[in-house]
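Participant:
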Amino acid sequence: MGQIESRPALVVAISSRALFDLDESHRVFEEQGIAAYHRYQIEHEDDVLQPGVAFTLVRKLLNLNALFEKRVRVEVVLLSRNSADTGLRVFNSISHHGLDITRAAFTGGRSPFEYASVLDAHLFLSADSEDVARALNAGVAAATIAPISGSSDSKNVTGEDSDQLRIAFDGDAVVFSDEAERVYRKQGLEAFEASEKAAARRPLEAGPFRRFLEVLHQMQSLFPEGTSPIRTALVTARGAPAHERVIRTLRSWGIRIDEALFLGGMDKSAFLRAFGADIFFDDQTQHVESAAQFVPAGHVPHGVANKA
Numbered sequence: 247m248g249q250i251e252s253r254p255a256l257v258v259a260i261s262s263r264a265l266f267d268l269d270e271s272h273r274v275f276e277e278q279g280i281a282a283y284h285r286y287q288i289e290h291e292d293d294v295l296q297p298g299v300a301f302t303l304v305r306k307l308l309n310l311n312a313l314f315e316k317r318v319r320v321e322v323v324l325l326s327r328n329s330a331d332t333g334l335r336v337f338n339s340i341s342h343h344g345l346d347i348t349r350a351a352f353t354g355g356r357s358p359f360e361y362a363s364v365l366d367a368h369l370f371l372s373a374d375s376e377d378v379a380r381a382l383n384a385g386v387a388a389a390t391i392a393p394i395s396g397s398s399d400s401k402n403v404t405g406e407d408s409d410q411l412r413i414a415f416d417g418d419a420v421v422f423s424d425e426a427e428r429v430y431r432k433q434g435l436e437a438f439e440a441s442e443k444a445a446a447r448r449p450l451e452a453g454p455f456r457r458f459l460e461v462l463h464q465m466q467s468l469f470p471e472g473t474s475p476i477r478t479a480l481v482t483a484r485g486a487p488a489h490e491r492v493i494r495t496l497r498s499w500g501i502r503i504d505e506a507l508f509l510g511g512m513d514k515s516a517f518l519r520a521f522g523a524d525i526f527f528d529d530q531t532q533h534v535e536s537a538a539q540f541v542p543a544g545h546v547p548h549g550v551a552n553k554a
C-alpha cells in the first residue's frame, strides 16, 4: 500500500475467457450449472490454464513496458465473472505464465463491464458479447473475441515469432463512424462511392476505436520512424475513390497509421495473415469469422451492420 500511482498511458481490460482457454470449464458450467463449475475450478486450481485467443496480444502489450523504459506504462486488468474463489485458478495461471497482471475484479456472475468504464480503459476484450455491447454503449472501445477457427498451428493464434505488436483495424464503424456504411446499405455501392468522393475533404466522425488508435499513435511517436515496437494497419473493404476521405480524416486527426490496405471488397483474411496481426477489429461478423482462421479477431458490435 502507498501513494496513488500515476495513470498508465494505456489500460486494457480483459476477461479470463479471452486470456485463457477456459472452454472445458465453461462446458461444465453450461452442462452442469454453477455449483459444479465452482467445484471443478477449485479441484483444478493448481492446473495451469493454457493460452487463449488474446494471450499473445496481452503478452506483447505487457512487454512494451520494458521497451518504453518507464516513459509510458501499459496496464492490463483482469475483469471476470468468476468469484474470487473460482478465480484463484486464473491468478495461478497468470503467475505461471509470468504475466505482470496485478489488478483484477471478480464479480461473482455479475457483468464486469462497468469496471471497464471506471478504469477508463482504452480497450475491453471479452468472450461475452453482452458485456462488450454494454461497454461500447458506455463509451469504451470493446470487442468480442472470436473463437479460433483455423488450424492449431496458425502462427498468430499460438504466438507470433516477432516481438512487435501488430494491430489491424477495419475503418467504418470501428475507427470511423458508420455514416458512410449507412449510405452503402441504403443506396448501394455506386451511391456510396459518389457520396464519399463528394465528401472527400470533410473528415469522418470518430468511431469507438479512435481513442485507442490515438493512444497507440502517441506511444509510437516516442520512437524514431520505423523503429517502434508497435505497428498498425487499416484493412478496409473501401477502394478508390472512397480512399481519399479516409486518408484525409486520419491526417486531420493527426494520426499516422503504418499500413493502409484498400481492398475494394476483397476478402481480408489473407492480407491480415501477411501483416501478421496480433488482433484484428471489425464490425461485421463475416469478416471476423474469416479472419479468425488465421489471426486473433474481435467483433465490434457497433453501427448499422449490427442493428437488428
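Number 389 in this note's numbering belongs to position 143 of the sequence shown; there are no gaps in the numbering.
Using N, Cα and C, we set each Cβ at its ideal position, and we do this for glycine too.
#1: How is the beta strand (DSSP E) around Gly544 delimited, first residue to last?
#2: Could you tell me how far apart the beta carbons of Gly311 and Arg319 are, in whole angstroms, since I believe they sit closer than 8 Å?
#3: Please work out which residues of its chain come closer than 8 Å, Cβ to Cβ, to Arg457, disregarding the five sequence neighbours upstream and downstream, and give them in chain order.
#4: Examine the Cβ distances between the region 521 to 540 and the region 485 to 499 and report whether three or more of them are shorter than 8 Å.
#5: Would you list, in sequence order, the uninterrupted alpha helix (DSSP H) runs of no fewer than 4 residues that lie entirely inside the region 319 to 389?
#6: Where DSSP assigns a beta bridge to Arg412, which residues make up the other side?
#7: Considering only C-alpha positions, which residue in the set Gly279, Gly511, Val336, Ile493 is nearest to Glu505?
#8: Measuring alpha carbon to alpha carbon, tell me which residue in Ala350, Ile501, His272 is nearest Gln464.
#9: Alpha carbon to alpha carbon, what distance is there between Glu490 and Phe570?
#10: Evaluate Gly544 with the Cβ neighbour count: other Cβ atoms within 10 Å of its Cβ, from every protein chain shown; 16 or more gives buried, anything less gives exposed.
#11: Tell me where the alpha helix (DSSP H) around Ile503 begins and ends.
#12: Report the CB separation of Ala373 from Arg263 in whole angstroms; it is logged as a contact under 8 Å.
#13: So who's on the other strand from Leu256, going by DSSP bridges?
#14: Identify whether Ile288 lies in helix, strand or coil by the three-state DSSP scheme.
#15: So the candidates are Pro487, Ser474, Leu462; which of them puts its Cα closest to the Cα of Ala446?
#16: Let's see if you can read the secondary structure: which residues bound the alpha helix (DSSP H) around Phe438?
#17: Rounded to whole angstroms, what is the Cα-Cα separation between Leu313 and Ile391?
#18: DSSP state of Phe540, grouped into three classes?
#19: Bridge partners of Phe508, per DSSP?
#20: What did DSSP end up calling Asp529 once you bin it into helix, strand or coil?
#21: Grab me the residues of Gly417's own chain with a C-beta within less than 7 Å of its C-beta, minus the 5 sequence neighbours each way, in chain order.
#22: State the Cα-Cα distance for the pair Gln530 and Arg327, rounded to the nearest angstrom.
#23: Taking the C-alpha atoms as reference points, what is the distance between Glu451 and Glu291?
#24: For the alpha helix (DSSP H) containing Val304, name the first residue and the last one.
#25: Return the first residue and the last residue of the alpha helix (DSSP H) that His272 is part of.
#26: Apart from the five residues on each side of it in sequence, which residues of its chain come closer than 6 Å, Cβ to Cβ, to Ser441?
#27: Does the Cβ of Pro470 have 16 or more other Cβ atoms within 10 Å, making it buried, or fewer, making it exposed?
#28: With a cut-off of 8 Å on the beta carbons, I'd call Asp409 and Asn309 a contact; round off their distance for me.
#29: Hey, quick one: how far does the alpha helix (DSSP H) through Phe455 stretch, first residue to last?
#30: What distance in whole Å lies between the Cβ atoms of Leu307 and Leu411, which are believed to be in contact at a cut-off of 8 Å?
#31: Tell me which residue opens and which closes the alpha helix (DSSP H) that Leu450 is part of.
Facilitator: Let's see:
#1: The residue labelled residue 544 in the question sits at position 298 within the sequence shown. From DSSP, the beta strand (DSSP E) with Gly544 extends over 543 to 545.
#2: Mapped onto the sequence shown, residue 311 falls at position 65. Mapped onto the sequence shown, residue 319 falls at position 73. Correcting the residue type first, residue 311 is Asn in the shown sequence and not Gly. Going by Cβ atoms, the distance from Asn311 to Arg319 rounds to 6 Å, so yes, they are a contact pair.
#3: Residue numbering aside, residue 457 sits at position 211 when the sequence shown is read from its first letter. Answer for Arg457: His368, Ala387, listed in chain order.
#4: no
#5: 330 to 342, 359 to 364, 375 to 383
#6: For the purposes of this step, residue 412 is taken as the residue at position 166 of the sequence shown. Arg477.
#7: Mapped onto the sequence shown, residue 505 falls at position 259. For the residues Gly279, Gly511, Val336, Ile493, the minimum Cα distance to Glu505 belongs to Ile493.
#8: Against the sequence shown, residue 464 aligns to sequence position 218. Measuring from the Cα of Gln464, the nearest candidate turns out to be Ile501.
#9: Outside the displayed span of the chain (247 to 554) sits residue 570, for which this structure offers no information.
#10: In the sequence shown, counting from the first residue as 1, residue 544 sits at position 298. Per the 10 Å Cβ criterion, buried.
#11: For the purposes of this step, residue 503 is taken as residue 257 along the sequence shown, with counting starting at 1. No alpha helix (DSSP H) contains Ile503, which DSSP labels as neither H nor E.
#12: Translated into positions along the sequence shown, residue 373 becomes position 127. Translated into positions along the sequence shown, residue 263 becomes position 17. So it is a contact: roughly 4 Å between Cβ atoms.
#13: The residue you call residue 256 lines up with position 10 of the sequence shown. DSSP output for Leu256 lists Val320 as bridge partner(s).
#14: Looking up residue 288 in the sequence shown gives position 42. Here Ile288 sits in helix by DSSP.
#15: If you number the sequence shown from 1, residue 446 lands on position 200. Considering only alpha carbons, the answer is Pro487.
#16: In the sequence shown, counting from the first residue as 1, residue 438 sits at position 192. From DSSP, the alpha helix (DSSP H) with Phe438 extends over 435 to 444.
#17: Taking the first residue of the sequence shown as position 1, residue 313 is located at position 67. Taking the first residue of the sequence shown as position 1, residue 391 is located at position 145. Between Leu313 and Ile391, the C-alpha separation is close to 27 Å.
#18: Locating residue 540 in the sequence shown gives position 294, counting from the first residue. If DSSP states are grouped into helix, strand and coil, Phe540 belongs with coil.
#19: Against the sequence shown, residue 508 aligns to sequence position 262. For Phe508, which the question treats as bridged, DSSP gives the partners Thr482.
#20: Against the sequence shown, residue 529 aligns to sequence position 283. Looking at Asp529 - three-state DSSP - the assignment turns out to be coil, as it is neither helix nor strand.
#21: In the sequence shown, counting from the first residue as 1, residue 417 sits at position 171. Answer for Gly417: Leu480, Thr482, Arg484, Val492, listed in chain order.
#22: Here residue 530 is taken as the residue at index 284 of the sequence shown, counted from 1. Here residue 327 is taken as the residue at index 81 of the sequence shown, counted from 1. So the alpha carbons of these two residues sit roughly 26 Å apart.
#23: In the sequence shown, the residue the question calls residue 451 occupies position 205. In the sequence shown, the residue the question calls residue 291 occupies position 45. Going by the C-alpha atoms only, they are around 47 Å apart.
#24: Translated into the one-based positions of the sequence shown, residue 304 becomes position 58. Taken as a continuous stretch (DSSP letters only), the alpha helix (DSSP H) holding Val304 covers 301 to 313.
#25: Counting from 1 along the sequence shown, the entry for residue 272 is found at position 26. That run of the alpha helix (DSSP H) goes 269 to 278.
#26: Locating residue 441 in the sequence shown gives position 195, where the first residue counts as 1. Taken in chain order, the residues that qualify are Val429.
#27: In the sequence shown, the residue the question calls residue 470 occupies position 224. Pro470 is exposed by the Cβ-count criterion.
#28: The residue given as residue 409 occupies position 163 in the sequence shown. The residue given as residue 309 occupies position 63 in the sequence shown. Contact flag correct, Cβ pair sits at about 6 Å.
#29: Start at 1 with the first residue of the sequence shown, and residue 455 comes out as number 209. Element bounds for Phe455: n/a, residue is neither H nor E.
#30: Reading the sequence shown from its first residue, position 165 is the one you call residue 411. Reading the sequence shown from its first residue, position 61 is the one you call residue 307. Yes, they are in contact, since the Cβ atoms of Leu411 and Leu307 sit about 7 Å apart, within 8 Å.
#31: As a position in the sequence shown, residue 450 is number 204, starting the count at 1. From DSSP, Leu450 is part of no alpha helix (DSSP H); its letter is neither H nor E.
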